[in-house]
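Undergrad:
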Amino acid sequence: MILKPQVLDLRIILFFLGKIVLGFGLMMALPLLVSLAYGELVPVFDFAIGLFVSLSVGFILVVGARVERDVDVTWMHGMVVVSMAWLVCMFLGAVPLHLSGHWKSYLDACFESMSGLATTGLSLVQNLDHLSHGANLWRHFLQFLGGQGIVVVALSFLVKGGPGAFRLYVGEARDEQILPNVVETAKFIWFVSLVYLCLGTLLLSLCAYFSVGLPAPEALFHGFCIFVAAFDTGGFTPMSQSVLYYQSPLFELITLIIMIWGSLNFKLHYAVWTGHRREMIRDIEIRTFFMTLTATAVLVALGLAKWGIYKGPFVLMRKGMYQMFSAHTGTGFQTIYSPQFLTEWDPLALFGIILAMGLGVSVCSTTGGIKMLRLGIILKAFREDIKRFMISDSSVVTTRFRHLRDLFLEDRLVRSAALITIAYISLYIFGALAGCFAGYPFLQALFESTSAAGNVGLSCGITQASMPVFLKIVYILQMWAGRLEFFSILVLGGFIISYFRGK
Amino acid sequence: MMKKGMVLVIFCCFFSAVPVFAFASENLISEAAMFDGSTVSYTGEAVGPILPRGDFSWISLHDGKNAISCWIPKSLLGDIRRTGGYGRKGDVVAVIGTFHRSCPEHGGALDIHAKYVMLESPGAALPEYLGTAKIVMSAVSLGVLICLMIVHAFLARRKKI
């Protein structure tokens, strides 16, 4: 028998949803101030409306629900709050974007908002090169908020700690608690991110000023935007030509390093901060990442060598390998035009890129996709099974691996890794079939679908304002499910079903 | 506006003795192999800051579909100064030059090395338009927010008492 959720369950969910929306809404003050600083009058009003509407929605939820702050938050509450929060924030984050007039419809603005929050980077913006600094900053800042986690924002400032906070935190596909208290963990994530933000922005701004040749204020603006997009593996850029606009190998190299750094597990960052640098070479994620990086690089290099478009290792690095790293880390920066993937790249190279996009990098990072920990566990399980066949029946085989600490390969870990991997592959295929239904060839549809569901952002040209509405909705759902790693969304589905069918 | 571009094309055809055709960015990108190494004419609005590189500069020209980077000697820049951005339309520039599908000089970039450059139409400021609807919307949403904040504060105070 399915139990129907109580009124108190609903009130708890709406109360914490309201808290998250309040935290999210307050963040619109930053682009508002930037618009003011640049003297952009109309965007000031766009963001003021967005800010007021978001805060009003937040207050309505908090006042309407009114529960005690120390109320018992269950796993179900945490999961439902998080999955709903991402949808509500998508709708609210799209308000100032839509008001700017650079998106053809509110749905397109929602697509952009979800793409930013999920750190995907697929874009439906029109006339990007004339977009205001405020709106452009908001697109990039959405990546920062989504990358660090909307819930992390709320946990840091608005919600007290305890088991309830931990359940919200886990719902956002983060299972690594760095410090004993989850609120302290959230604050640590913010602290580290802000330190990286300052250093990275400074480095990129200096490069943009001296090497690229941008004027000082623009160098600072581009430095901030590109750092946020690279570190949070988002992939938005302030210019329509993506990273190609800058025409600077040094700038590309710095973004490459930031992309890789941003794709690593946050707990590995903590290990580095606390002096345990050896973890960087012992961890199963890093080792598997190195293996898949090599494999996909070979595929891309072989494919490109076949067609011979990029002559010499330097050119191959800037064009072939840059897209490959961008795909694998889930960033989505491009130094080629989208149609070139289809017209200039061999299908083998394209397959390498699709594979890299689908795999992702680290858990507890901003990258999407299957992720190296799960792939590493599955590969270890295969090896263990083969070993079992080769030794006597009476022998006991145990496998250990290193992921932040020494762990034994248990069946439940393998099962969990295999389940999520199957879910991701199904999601990629589902999106590809939707693309085929819309009339695109399978390889093209698979490329775009993997990019959306893996939260990557590379495009081979399908993602345009003119694409069918249903495909936009499919990609939004893929980005959402891919970022939250399914469970909280499945729980939300279960919650809705039990609300209507439960007794 | 297009007349000047046509004059440039005819001028270049006459003097270079090689026919030059004007292309849209969409054609150049999707059929890059076909145009590789040939002389093309391309027109677009200069967007984003001009990026100086010694005796040359990079200018991104956007024709409404895509922007293509053009490698232009400083001596040809002439009056091209205003580039497009928020609140301003950039100079519309016509270039004739060699199209590269994967430029060996610039790390494999798809670009055009300009030989002739002409300013088709100068850029201009685009005045901001703040509609009444936005002012009303912001005032109403602010009013609603203030009311909700008062209710919230009142309920919080009553709970304390």
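Quick note, the sequences are listed as chains A and B, same order.
Just so you know, we're using my numbering here: the first sequence kicks off at 975 and counts up by one.
Just so you know, we're using my numbering here: the second sequence kicks off at 20 and counts up by one.
Cβ coordinates follow ideal geometry from the N, Cα and C atoms, glycine included.
Residue range of the alpha helix (DSSP H) that residue 123/B falls in?
TA: Run containing residue 123/B: none; DSSP gives neither H nor E here.
Undergrad: When you compare only the Cα positions, how much space is there between residue 1304/A and residue 1457/A?
TA: Approximately 11 Å between the Cα atoms of the pair.
Undergrad: Which first and last residues belong to the alpha helix (DSSP H) in which residue 1389/A is found?
TA: Its alpha helix (DSSP H) spans residues 1385-1411.
Undergrad: Let me make sure I understand the geometry here. Which of 1176/A, 1319/A, 1122/A and 1288/A has the alpha-carbon closest to that of residue 49/B?
TA: The residue with the shortest Cα to Cα distance from residue 49/B is 1319/A.
Undergrad: Give a yes or no on whether the minimum CB-CB distance between residue 161/B and chain A is below 7 Å.
TA: Yes, contact with chain A.
Undergrad: Which same chain residues end up closer than 6 Å to residue 1186/A when comparing Cβ atoms and leaving out the 5 residues on each side of it in sequence?
TA: So the list reads 1220, 1222 and 1225, once near-sequence residues are dropped.
Undergrad: Determine whether the beta carbon atoms of residue 1108/A and residue 1017/A lie at a separation below 7 Å.
TA: Yes, the Cβ-Cβ distance between residue 1108/A and residue 1017/A is below 7 Å.
Undergrad: Go ahead and label residue 1101/A buried or exposed: buried means 16 or more other beta carbons lie within 10 angstroms of its beta carbon, across all protein chains shown.
TA: Exposed.
Undergrad: Is the CB of residue 1317/A under 7 Å away from at least one CB in chain B?
TA: So, interface residue.
Undergrad: On the three-pair Cβ rule with 8 Å, is the segment 1421-1429 of chain A touching the segment 1333-1352 of chain A?
TA: Touching, yes, given that three or more Cβ pairs across the two stretches are closer than 8 Å.
Undergrad: Could you check where the beta strand (DSSP E) with residue 129/B kicks off and where it finishes?
TA: Segment 128-140, the beta strand (DSSP E) holding residue 129/B.
Undergrad: When burial is assigned at 16 or more other CB atoms within 10 Å of the CB, is residue 97/B buried or exposed?
TA: Its Cβ having fewer than 16 others within 10 Å, residue 97/B is exposed.
Undergrad: Between the segment 1411-1419 of chain A and the segment 1361-1374 of chain A, do three or more beta carbon pairs fall short of 8 Å?
TA: With a cut-off of 8 Å, the segment 1361-1374 of chain A and the segment 1411-1419 of chain A do not count as touching, because too few Cβ pairs lie within range.
Undergrad: Applying the criterion that 16 or more other CB atoms from any shown protein chain within 10 Å of the CB defines a buried residue, is residue 947/A buried or exposed?
TA: This structure does not reach residue 947/A, given that chain A is present from 975 up to 1477, and the question cannot be answered.
Undergrad: List, in order along the chain, the chain B residues whose C-beta lies closer than 7 Å to that of residue 1221/A?
TA: Within chain B, the residues near residue 1221/A are 70, 77, 88, 125 and 128.
Undergrad: Among 110/B, 112/B, 127/B and 111/B, whose alpha-carbon lies nearest the alpha-carbon of residue 118/B?
TA: Nearest option by C-alpha distance: 127/B.
Undergrad: Go through its chain and collect everything with a Cβ distance to residue 1365/A's Cβ below 8 Å, but skip five positions before and after it.
TA: Excluding residues within five positions, the ones whose Cβ falls inside 8 Å are 1371.
Undergrad: Are the beta-carbon atoms of residue 1199/A and residue 1076/A separated by less than 7 Å?
TA: Result no, Cβ atoms of residue 1199/A and residue 1076/A do not sit closer than 7 Å.
Undergrad: Does residue 61/B come within less than 7 Å of chain A when only Cβ atoms are used?
TA: So, not an interface residue.
Undergrad: Whole angstroms are fine: how far does the CA of residue 1037/A sit from the CA of residue 169/B?
TA: Looking at the two C-alpha atoms, the distance is approximately 11 Å.
Undergrad: Of all the options 123/B, 112/B and 152/B, which has the alpha carbon lying nearest to the alpha carbon of residue 133/B?
TA: The option with the nearest alpha carbon to residue 133/B is 112/B.
Undergrad: If you reduce the DSSP assignment to three classes, tell me which class residue 1175/A lands in.
TA: The answer is helix: DSSP assigns residue 1175/A an H, G or I state.
Undergrad: What residues from chain B crowd round residue 1285/A, counting only those whose CB sits closer than 7 Å?
TA: Per Cβ cutoff of 7 Å: 123.
Undergrad: Residue 1029/A touches chain B at which residues, Cβ-Cβ below 7 Å?
TA: Going along chain B in sequence order, the residues near residue 1029/A (Cβ under 7 Å) are 164.
Undergrad: Hey, is residue 20/B's beta-carbon within less than 7 Å of any beta-carbon in chain A?
TA: Below a pLDDT of 50, predicted positions are generally treated as unreliable, and residue 20/B, at 42, falls in that range; no measurement from the model is reported.
Undergrad: Using the DSSP secondary-structure output, state which residues sit across from residue 76/B in a beta bridge.
TA: Answer by DSSP bridge pairing, in chain order: 71/B and 91/B.
Undergrad: Do residue 1348/A and residue 1394/A have their C-beta atoms closer together than 7 Å?
TA: Contact: yes.
Undergrad: Leaving out five residues on either side along the sequence, give the residues of the same chain with a beta carbon under 6 Å from the beta carbon of residue 1074/A.
TA: Within the same chain, residue 1074/A has close Cβ partners 1020 and 1109.
Undergrad: In this structure, how does DSSP classify residue 108/B when only helix, strand and coil are distinguished?
TA: Of the three classes helix, strand and coil, the one that applies to residue 108/B here is strand, per DSSP.
Undergrad: What in chain A is Cβ-close to residue 154/B, meaning under 9 Å?
TA: Simply 1019.
Undergrad: Let me know the secondary structure DSSP gives residue 60/B once reduced to three states.
TA: Strand at residue 60/B.
Undergrad: Name the DSSP bridge partner or partners of residue 1377/A?
TA: Paired residue(s): 1379/A.
Undergrad: Check the Cβ-Cβ distances between residue 1292/A and every residue of chain B, and say whether any is below 7 Å.
TA: By this cut-off, residue 1292/A is an interface position.
Undergrad: Name the DSSP beta bridge partners of residue 119/B, please?
TA: Looking at the DSSP assignment, residue 119/B forms a beta bridge with 130/B.
Undergrad: Rounded C-beta distance between residue 89/B and residue 80/B? I'm assuming under 8 Å.
TA: The Cβ separation is near 6 Å, so the contact holds.
Undergrad: Can you list, in chain order, the residues of its chain with a C-beta nearer than 6 Å to that of residue 63/B? Leave out the 5 residues immediately preceding and following it.
TA: Once the five neighbours on either side are set aside, the close Cβ partners of residue 63/B are 80, 81 and 82.
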